[in-house]
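Only one structure is covered here, and it is reproduced in the block below.
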Amino acid sequence: MGVLNRFENRLEQLVSGAFARAFRSAVQPVELAAALQREVDNSAQILSRDRRLVPNSFHVELSPADYERLSPYGTTLAEELTDMLREHAHEQSYVFTGPVSIAFDRAEDLSTGRFHVRSAAMARVTPADERSVTDTAVRRAHVVLEVNGVRHPLEPPGLVIGRGTVADLRINDPGVSRRHAEFRVVPGGLVPEVSVVDLGSTNGLFVNGQRVKQATLDDGAQVRVGNTTMTVRHVAHQEDGDV
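Heads up: the sequence shown begins at 959 in my numbering, then just goes up one per residue.
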């Protein structure tokens, strides 16, 4: 029995007939499952002969009518779809960069029965010192590094990013080396000078789309390691003369 068939059978056992009625003449759960499976297959990147990297963060955009019908059952359906994707990944030797998440979004421009799937590879990011990402620490920083929606302070002398436990900021991304790169922060002027240096990584370091060994980073600079993109942000403070 295939992954999609097992998904359908489990769903029938878990939900009542009201669920089936809610989706009559609208988007069907198995359609969502098939679309998510295709999204994973089409996005797979080869890591080795037996391992391929796939997205782990999914957003399913639904028409207003379908979104309203789905809302009461969204949590159950998301859990079942997540289990289905894990099974599919196991069978295909896929590797997720982090926990699998599925969210449903309302899209005003979609008609009933139509939907879109968006995906991204979102690596788990863990600072060596959890205190460094408190609201107070982030607010005090003049420069921050934004990774997967979370801001990390960039304070002198800087920090090392990598997949290993020795890194100051650990990124659970198969494309990231154990000690991949170092962000260097030098105090001076209103905003510290920030640069990044490749520490001999396997897959290289990219700044604003260009592969580099090292580079000075301005506000908004994007740094990519493996499949993870980080953004440098200069933070304005009133004590610096900003209103």
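Every residue gets a Cβ at the ideal spot worked out from N, C-alpha and C, and that includes glycine.
Assign GLN1172 to one of two classes, buried (16 or more other C-beta atoms within 10 Å of its C-beta) or exposed (fewer than that). exposed
Of the choices ALA1047, THR1160, ARG1009, HIS1017, whose alpha-carbon is the least far from that of GLN995? ALA1047
Assign ARG964 to one of three DSSP states: helix, strand, or coil. helix
For GLU989 and GLU1113, I'd like the C-alpha separation in whole angstroms. 48 angstroms
Might you give, ordered along the chain, the residues of its own chain that have their beta carbon closer than 8 angstroms to the beta carbon of THR1169, omitting 5 neighbours on each side? Per the sequence shown, residue 1169 should be read as Arg rather than Thr. Closer than 8 angstroms at Cβ, skipping near neighbours: GLY1162, LEU1163.
Segment limits, alpha helix (DSSP H) that includes ARG1044: 1032-1050
Using alpha carbons as the reference points, say which of GLY1107, ASP1093, SER1059 lies closest to HIS1017. SER1059
Check whether the Cβ atoms of SER1015 and ALA1065 lie closer than 9 angstroms to each other. no
7 angstroms CB neighbourhood of PRO1145 in its chain, flanking five on each side removed: In its chain, beyond the 5 residues on either side, PRO1114 have a beta carbon closer than 7 angstroms to the beta carbon of PRO1145.
What do you get for PRO1013, buried or exposed, if any count of 16 or more other CB atoms within 10 angstroms of its CB means buried? buried
Out of ARG1121, GLU1019, VAL1075, which has the shortest C-alpha to C-alpha gap to GLU997? VAL1075
I'd like the list of long-range same chain contacts for ILE1004, defined as Cβ closer than 6 angstroms, with 5 residues on each side in sequence excluded. ARG1010
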